[in-house]
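Asker:
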């Protein structure tokens, strides 16, 4: 205790206290905040998915999207968004949102897949929209990766970067990194156009093309994808590479130059 | 290898002029001059200067660095021979990298680094580190030299008759001035003049809008609200020899808006059921501007963040772009396919001198 009080006037003491306080607040928040909604309804029965979904909806979603999915000032209408949109938004943890912001970020999902299916059937009952894709539609095995790459560069790369690393949009919005995103969710995002992403309907981008794109994203960003040059540095090309070279490369050179010209060790200690 | 005392090294008569005069001035005034040049600190020998054993150790360290460099060069050549170009290995923490690239880079890096490190270590521990003073010499030439050069010049000018024979002088000026014109004429050979290529694209009345993904003509029902579709003019194929120069001007971006959301009267007239067709080429420096935000209907250019409002005639909201994106007037033909009504009404892409 004596040691502690002796150090409280250290110039860094304020930072340490601040960091500690921030860490504690943040830790408590993540530990407690989302769990309230997760326990919404556990005893799911398969009998009436829509009815169960409605119950889940009333608890978890209606405060922003309105009691009948008609939307409020805090959230858009869900009439006609379809089951695929629900599966994407809730399955990637984007919904329910923790707070209003530029866009809903992806976070650990709160609902079980069975609950998501019930929510999806309820929202799908509000108005027709894209239904959840089947495994044959999105499963990337056997798809044409090269064609997918070409389509990705035409349709997706402007926002998500050539290798799907994501990028910035306006006013705090971003196109997310596609690394580790499930094939089903990539497919649903193209179908439904979540948030500010435009949709790519089957008329403009047929099912097979979507599957090829999923295969390309998995090939470029998967566990097994190769990076012959070593560090990809975010895949941004010359921007991040140049910054790395200027900051770290030049920084090391400057440091070495200073050290070379510094006084050498002397025999006599001064 | 020297162990001379400090006084012998930097003796009084070797010190700079200013320093001595400064000290003398201060001495004369009584109080010491606060700005007196302290001069060089006394030289102190390094351990290698007085201990032959330490010097030997330094020598061995330098030799070891050079030897590591030699081994690394040998390893470079060996890995060039040993690894096939497509061999991929997992290396923590980089990931799955090309074995050839990695080994070539690491070995060449070590080879170069050890040469440098050895040289630096050699210089810092073994080469003489006696501080010395080398006075700057005056930049100006000696006055005799200056006078001789001047008189030589005057005599040369006189002997050549440059000032007297004006005919020769003037024709020489003329000849020298005209020669560069031949270069100016050759510049004309750099390529054909652009003529009106910058003002026209492949779009014209009746050309169908072809989906860039499927290569099929687009129907209005293919394009839903919130979607983004790219189109090229009918008849332009990817293996055409002028595909790139034509698509660079004709590339088209299609979105469907709620007709009520469209604020610009002309935009509404040129649309079909809310489907608007805009040039995909940024009016700043010609990047493909297609970062479409479907909720705000803003389009962002990835190069310099120019932002266009698609509900208001693609007005520039932000960024360096100088003009709105040109809109293509579209409608539907009798078979139900989208077609262009005309070419773009203004040049697409960045401004140029004669754009007006």
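Protein chains in written order, with our numbering: chain Z, 1 to 270; chain L, 271 to 626. Note that the Cβ used here is the ideal one computed from N, Cα and C, for glycine as well. None of the values given here were measured: they were computed from a predicted structure.
#1: Taking a contact to mean a Cβ-Cβ separation below 8 Å, would you say residue 105 of chain Z touches residue 218 of chain Z in this structure?
#2: Under 8 Å, Cβ to Cβ, is there at least one residue of chain Z near residue 568 of chain L?
#3: By how many angstroms is the C-alpha of residue 411 of chain L removed from the C-alpha of residue 449 of chain L?
#4: So, under 8 Å CB-CB, residue 226 of chain Z and residue 469 of chain L are touching, yes? Tell me the CB distance rounded to an integer number of Å.
#5: How close, in whole Å, do the beta carbons of residue 119 of chain Z and residue 86 of chain Z come, if the pair is a contact with beta carbons under 8 Å?
#6: Give me the chain L residues within the contact set of residue 204 of chain Z, using Cβ-Cβ distance strictly less than 7 Å, ordered along the chain.
#7: Could you check whether residue 531 of chain L and residue 257 of chain L sit closer than 8 Å to each other, using their CB atoms as the reference points?
#8: First and last residue of the alpha helix (DSSP H) that includes residue 115 of chain Z?
#9: With 9 Å as the limit, tell me which residues of the stretch 379 to 404 of chain L have their beta carbon closer than that to any beta carbon of chain Z; keep them in chain order.
#10: Helix or strand or just coil, what does DSSP make of residue 523 of chain L?
#11: For the candidate residues L:403, L:482, L:394, whose alpha-carbon lies nearest to that of residue 154 of chain Z?
#12: Spatial neighbours of residue 472 of chain L within its chain, please: C-beta separation below 7 Å, excluding the five flanking residues on both sides.
#13: Using a C-beta cutoff of 8 Å, does residue 241 of chain Z count as contacting chain L?
#14: Could you give the first and the last residue of the continuous beta strand (DSSP E) run that contains residue 503 of chain L?
#15: Should residue 599 of chain L and residue 612 of chain L be called a contact, given that it needs their Cβ atoms to be closer than 8 Å?
#16: Residues of the stretch 185 to 212 of chain Z with a CB closer than 8 Å to any CB of chain L: list them in chain order, please.
#17: Check this for me: beta carbons of residue 549 of chain L and residue 596 of chain L, under 8 Å apart or not?
#18: Determine the DSSP secondary structure at residue 496 of chain L, reduced to helix, strand or coil.
#19: Might you give, ordered along the chain, the residues of its own chain that have their beta carbon closer than 7 Å to the beta carbon of residue 69 of chain Z, omitting 5 neighbours on each side?
#20: Please report the Cβ distance between residue 121 of chain Z and residue 53 of chain Z, rounded to the nearest whole angstrom; I am assuming they are in contact, meaning their Cβ atoms lie under 8 Å.
#21: Any beta carbon of chain L sitting closer than 8 Å to that of residue 176 of chain Z?
#22: So residue 530 of chain L contacts chain Z; which residues on that side make the cut at Cβ distance below 7 Å?
#23: State the start and end residues of the unbroken beta strand (DSSP E) segment that holds residue 548 of chain L.
#24: Hey, how far is the Cα of residue 24 of chain Z from the Cα of residue 255 of chain Z?
#25: What is the C-beta distance between residue 443 of chain L and residue 385 of chain L, in whole angstroms, given that I count them as a contact (C-beta under 8 Å)?
#26: Going along chain L in order, which residues have a C-beta closer than 8 Å to the C-beta of residue 67 of chain Z?
#27: Should residue 319 of chain L be flagged as near chain Z, meaning a C-beta pair shorter than 8 Å?
#28: Listed from N- to C-terminal order along the chain, which residues in the stretch 349 to 377 of chain L have their beta-carbon within a distance smaller than 8 Å of any beta-carbon of chain Z?
#29: Consult DSSP for residue 79 of chain Z and reduce its assignment to one of helix, strand or coil.
#30: Are the CB atoms of residue 115 of chain Z and residue 327 of chain Z within a distance shorter than 8 Å?
#31: Identify the residues that DSSP records as bridge partners of residue 598 of chain L: which are they?
#32: Say whether chain L places a C-beta atom closer than 8 Å to the C-beta of residue 267 of chain Z.
#33: Which one of Z:208, Z:59, Z:172, Z:50 has the shortest CA to CA distance from residue 147 of chain Z?
#34: Does DSSP put residue 316 of chain L in a helix, in a strand, or in coil?
#35: Cα separation between residue 174 of chain Z and residue 498 of chain L?
#36: Would you mind telling me which residues of chain L sit closer than 9 Å to residue 169 of chain Z, beta carbon to beta carbon, in chain order?
Answerer: In brief:
#1: Cβ distance not < 8 Å, so residue 105 of chain Z and residue 218 of chain Z don't count as in contact.
#2: Cβ-Cβ to chain Z under 8 Å: yes for residue 568 of chain L.
#3: C-alpha separation (whole angstroms): 37 Å.
#4: Not a contact, Cβ separation roughly 46 Å.
#5: Between the beta-carbon of residue 119 of chain Z and that of residue 86 of chain Z there is about 5 Å, and that keeps the pair under the 8 Å contact cut.
#6: By Cβ distance, chain L contributes 481, 483, 492, 493, 497, 499.
#7: Here chain L covers residues 271 to 626 and nothing more, so residue 257 of chain L does not appear.
#8: First-last of the alpha helix (DSSP H) with residue 115 of chain Z: 113 to 126.
#9: Within the stretch 379 to 404 of chain L, the qualifying residues are 386, 390, 393, 394, 395, 399.
#10: Under the three-state reduction of DSSP, residue 523 of chain L is assigned to strand.
#11: Of the residues L:403, L:482, L:394, the one whose Cα lies closest to the Cα of residue 154 of chain Z is L:482.
#12: Correct list, in chain order: 503, 506, 516, 520.
#13: By this cut-off, residue 241 of chain Z is not an interface position.
#14: Note, residue 503 of chain L: beta strand (DSSP E), 499 to 503.
#15: Note that the C-beta distance between residue 599 of chain L and residue 612 of chain L is below 8 Å.
#16: Taking 8 Å as the Cβ-Cβ cut-off, the stretch 185 to 212 of chain Z approaches chain L at 193, 195, 196, 197, 198, 199, 200, 201, 203, 204, 205, 206, 209, given in chain order.
#17: With contacts defined as CB atoms closer than 8 Å, residue 549 of chain L and residue 596 of chain L qualify as a contacting pair.
#18: If DSSP states are grouped into helix, strand and coil, residue 496 of chain L belongs with coil.
#19: Contacts found: 77, 78, 79, 123, 126.
#20: Under the criterion of beta carbons closer than 8 Å, residue 121 of chain Z and residue 53 of chain Z qualify as touching, at roughly 5 Å.
#21: Interface with chain L (8 Å Cβ-Cβ cutoff): residue 176 of chain Z is excluded.
#22: Correct list: empty, because the minimum Cβ distance to chain Z is about 16 Å.
#23: DSSP places residue 548 of chain L inside the beta strand (DSSP E), whose first and last residues are 545 to 549.
#24: Pairing residue 24 of chain Z with residue 255 of chain Z, the inter-Cα distance amounts to about 38 Å.
#25: Actually they do not touch by this definition, with Cβ atoms about 56 Å apart.
#26: Ordered by position in chain L, no residue passes the 8 Å Cβ test against residue 67 of chain Z, which lies about 23 Å from the chain.
#27: Interface criterion met: the Cβ of residue 319 of chain L is under 8 Å from a Cβ in chain Z.
#28: Of all residues in the stretch 349 to 377 of chain L, those with a C-beta nearer than 8 Å to a C-beta of chain Z are 358, 364, 365, 366, 367, 368, 371, 372, 375, reading in chain order.
#29: It is coil, neither helix nor strand.
#30: Any property of residue 327 of chain Z remains undetermined from this structure, which presents chain Z solely from 1 to 270.
#31: Bridge partners of residue 598 of chain L: L:547.
#32: At least one chain L Cβ lies under 8 Å of residue 267 of chain Z.
#33: Looking at the Cα atoms, Z:208 is the closest of the given residues.
#34: In the structure shown, residue 316 of chain L sits in coil (DSSP, three-state: anything other than H, G, I, E or B).
#35: If you take the alpha carbons of residue 174 of chain Z and residue 498 of chain L, they lie about 17 Å apart.
#36: Ordered by position in chain L, the residues that pass the 9 Å Cβ test against residue 169 of chain Z are 561, 563, 568, 570.
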